[in-house]
Amino acid sequence: MGELLRSRRERLRPADVGLPAGTRRRTRGLRREEVAQLAAISSTYYTYLEQGREVRPSRQVLDALSAALRLDAAERRHVHELVHGAPPAETPAVAEAPPPALVSLVDRLDPCPAYVTGRCWDVLASNRAARTLWTDWPARPPEARNLLWWMFSDPAARQVMVDWPAEASALLGRFRTAAARHPGDPGFGSLLERLHTVSPEVREWWPQHRVMPLSSGTKRLRHPALGEIELEHVVLRLADDLDQKLVTFTASDRVQARISRLLETDRAEAPDDARSQ
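Residue numbers (full-length UniProt numbering): 1 to 277.
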């Protein structure tokens with residue numbers, strides 16, 4: 001919480017919040033007393049918050065701080081979750097698994113790419129189109145069947161994702177938002193530790209405390225046979241398990257036809273046992 005407040009304070013200028021710049025300003029961004037003034041709290045109390053002391057601000061104080069620091073909606077939710085979030089989650093007794101009906105739906109969506117991710121963005125199911133455009137998830141080691149791990153550790157991801165920096169940063173922000181809802185889940189901490197060991201971007205971006213909500217939108221992918229293609233995606237959460245997310249993609253008729261032909265070619269060239277999968 002203290003790191004988040006400090007990072008957001010340092011990114012603001014006095015002019016951003018209607019304060020005079022003054023003279024002999026040595027502090028980057030706003031001063032602590034300026035944030036306290038804007039939030040109508042004492043400078044001492046705000047200093048305690050940034051120092052990470054054992055204080056528990058009310059929701060009203062958090063709203064005032066969010067307004068003072070110009071936090072967006074996702075950041076406001078994240079602040080509340082950090083202070084008043086759910087109790088630590090129990091370690092799941094069994095590995096995540098999507099319902100068979102959901103796996104069947106994903107397969108039937110071919111040739112439109114689709115996949116399902118779990119709470120830590122493990123890829124739990126994917127159809128042939130998604131495996132062709134991203135990576136062959138079932139062929140990867142179990143510990144590598146994770147969207148974040150692929151994004152930050154596999155050099156191929158930087159070739160596949162045309163807008164890799166923006167995509168990777170947003171994915172890490174969504175991961176942080178989810179981690180705040182599961183403060184006691186060791187899966188998040190373990191994955192984050194692994195990511196820090198392999199990715200300088202994670203080491204640089206994680207302290208910035210960017211948070212992002214789940215959202216639909218547009219992705220640009222690059223494929224050796226298709227070149228650069230644009231896909232619209234929708235994110236749906238499973239009613240029986242809100243941590244499981246179905247992501248479906250659609251493209252223009254021309255691009256979709258090219259994906260279909262590519263899948264047909266790959267199926268025709270695959271061994272007989274692979275065609276039956």
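Using N, Cα and C, we set each Cβ at its ideal position, and we do this for glycine too.
{"Query": "State the Cα-Cα distance for the pair residue 4 and residue 82, rounded to the nearest angstrom.", "Result": "10 Å"}
{"Query": "What did DSSP end up calling residue 122 once you bin it into helix, strand or coil?", "Result": "strand"}
{"Query": "Look at the Cβ atom of residue 146, then the Cβ atom of residue 122, and state whether they are nearer than 8 Å.", "Result": "yes"}
{"Query": "Measuring only the C-alpha atoms, how far is residue 231 from residue 244?", "Result": "21 Å"}
{"Query": "Cutting at 6 Å between CB atoms, please list the residues of its own chain near residue 39, excluding the five before and the five after it.", "Result": "64, 65, 68"}
{"Query": "Verify the CB distance criterion: does residue 259 have a CB-CB separation below 8 Å to chain D?", "Result": "Looking for chain D here will not work: only one protein chain is present."}
{"Query": "What residue range is occupied by the uninterrupted beta strand (DSSP E) comprising residue 244?", "Result": "241-250"}
{"Query": "Applying the criterion that 16 or more other CB atoms from any shown protein chain within 10 Å of the CB defines a buried residue, is residue 75 buried or exposed?", "Result": "buried"}
{"Query": "Buried or exposed: which applies to residue 34, given that a residue is buried once 16 or more other Cβ atoms fall within 10 Å of its Cβ?", "Result": "buried"}
{"Query": "Would you call residue 136 buried or exposed, if buried means 16 or more other Cβ atoms sit within 10 Å of its Cβ?", "Result": "exposed"}
{"Query": "Kindly indicate which residue of 216, 265, 197 has the alpha-carbon position closest to the one of residue 250.", "Result": "216"}
{"Query": "Counting along the chain, where does the beta strand (DSSP E) carrying residue 114 start and finish?", "Result": "114-117"}
{"Query": "Under three-state DSSP, which class holds residue 177?", "Result": "helix"}
{"Query": "So what does residue 78 bridge to, in DSSP terms?", "Result": "None; residue 78 has no bridge partner."}
{"Query": "Check the DSSP bridge columns for residue 228 and list the partner residues they point to.", "Result": "222"}
{"Query": "Exposed or buried, which one is residue 104 when buried takes at least 16 other CB atoms within 10 Å?", "Result": "exposed"}
{"Query": "Going by other Cβ atoms of all chains shown within 10 Å of its Cβ, with 16 needed for buried, is residue 211 buried or exposed?", "Result": "buried"}
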